[in-house]
Amino acid sequence: MMTAALIICIAVILVLTFYLVSVLLSIRELTKQVDYIGKTQTNMTVNVGSSTRVVNRLAKVINGFLANCRNREIETNNKDAEIRETITNMSHDVRTPLTSLKGYFELMCESDSEEDKERYKTIISERLESLSDMLEDMFLFTKINNASFKLENERVNVSEVLIKTVLSYIDEFEKHQMVPDIDIDENIFIVSDENALKRVFQNLIKNSLVHGKDNFSLSLKTVGKKARIRIANDISGDMPDTDRVFDRFYKGDKSRHVNSSGIGLSVTKKLVNLTDATITASIENKQFCITIEDDIIAPNT
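Counting from 1 along the sequence shown, just add 304 to a position and that's the residue number in my numbering.
The following block contains the structure:
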């Protein structure tokens, strides 16, 4: 009886010892593979071919961790490349108004005509404003592509924000000889970031002023449980490609004669999406239209 029990104990000890040795060897092999992957930056995965469940589970967890690290690295590299491309492209765009500024400044200094000097001052002022807009677009584009960038979404009276933004551009509409058709329902509330919302409206109005001409219309209406903002106007030149207008640096033929960064609508789309709203572009009745929709909330929410 004692002999049988002793044999069983020895057998159990041998099995456990074999299991422990197998686990230790597998972990040692895992350690070597992880160390090699870390040093070589290879896309390999760990594989020990162990029959032990605990080691196989550990290998699976390590491979999942490696996959997440690679995905984050790819995402970071893509964003870095996107930002570098943005800076490179915009540096070329910035040269145009800078060169123009230098030329007009020299003309103003050399001119003896007060009338010409005033005209050059006006042109210089416009170029400076254009340059300022480009730099602001570049700064905001870089900022919103940062992984740590967050909006402060809260209850916002979108009607008030839209009305105030439109009123700030009255002089610009007169300068472009455009009579805006405004139809805004009062006291519509949504969840959004007020500053981001204001920037979205500013970008859309600027886009219409730069690329549009007649029949500018802007409306804010309740459609079911949605707030629908619609901006439409005629376009000077060919209609833009509605599938590409929100792409970075997209410029149709119509915009090549103006100083434009080409990322204004891209920034707009990113800001809209960060507030969980939607934005679309379309051609309706020979007009270029931008539509934003967001969920309505009660005023006292």
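Just so you know, even glycine gets a beta-carbon here, dropped at the ideal spot from N, CA and C.
- Each of Glu-419, Val-514 and Ile-387 was checked against the Cα of Glu-433, and the nearest Cα belongs to Val-514.
- Taking the CA atoms as reference points, Ile-594 sits about 10 Å from Asn-537.
- For Thr-346, the secondary structure class from DSSP, reduced to helix, strand or coil, is coil.
- In the three-state DSSP reduction, Asn-537 falls in the strand class (E or B).
- Around the beta carbon of Met-482, 16 or more other beta carbons sit within 10 angstroms, so the residue counts as buried.
- The residues Leu-455, Leu-575, Leu-578 and Thr-579, in chain order, have a CB closer than 8 Å to that of Ala-500 in the same chain once the five nearest residues on each side in sequence are set aside.
- For the options Ala-385, Ile-492 and Gln-506, the alpha carbon positioned closest to that of Asp-441 is the one of Gln-506.
- With fewer than 16 other beta carbons inside 10 angstroms of its own, Met-348 counts as exposed.
- Segment contact: the region 453-470 against the region 412-426, fewer than three CB-CB distances shorter than 8 Å; contact not assigned.
- Per the coordinates, the alpha-carbon of Ile-391 lies some 27 Å from the alpha-carbon of Glu-498.
- For Ile-387, same chain residues with a beta-carbon under 7 Å away, outside a window of 5 residues either side, are Thr-446 and Asn-449 in chain order.
- CA-CA distance, Leu-370 to Lys-364, rounds to 10 Å.
- Partner residues in the beta bridge of Arg-459, as assigned by DSSP, are Val-495.
- Judged by their CB atoms, Ile-366 and Val-338 are nearer to each other than the 8 Å cut-off.
- The residue from Leu-569, Ala-531, Thr-307 and Arg-534 with its alpha-carbon nearest to that of Pro-544 is Leu-569.
- Three or more beta-carbon pairs drawn from the region 518-529 and the region 485-493 are found closer than 8 Å, and the two stretches are therefore classed as touching.
- Classified as exposed, Arg-548 has fewer than 16 neighbouring CB atoms from the shown chains inside 10 Å of its CB.
- With a threshold of 16 other beta carbon atoms within 10 Å, Gly-516 meets it and is buried.
- Excluding sequence positions up to five before and after Lys-573, its CB lies within less than 6 Å of the CB of Phe-550 and Ile-583, all in the same chain and listed in chain order.
- Short of 8 Å from the beta carbon of Lys-530, and not among the five residues preceding or following it, lie these beta carbons of its own chain, in chain order: Glu-597, Asp-598, Asp-599 and Ile-600.
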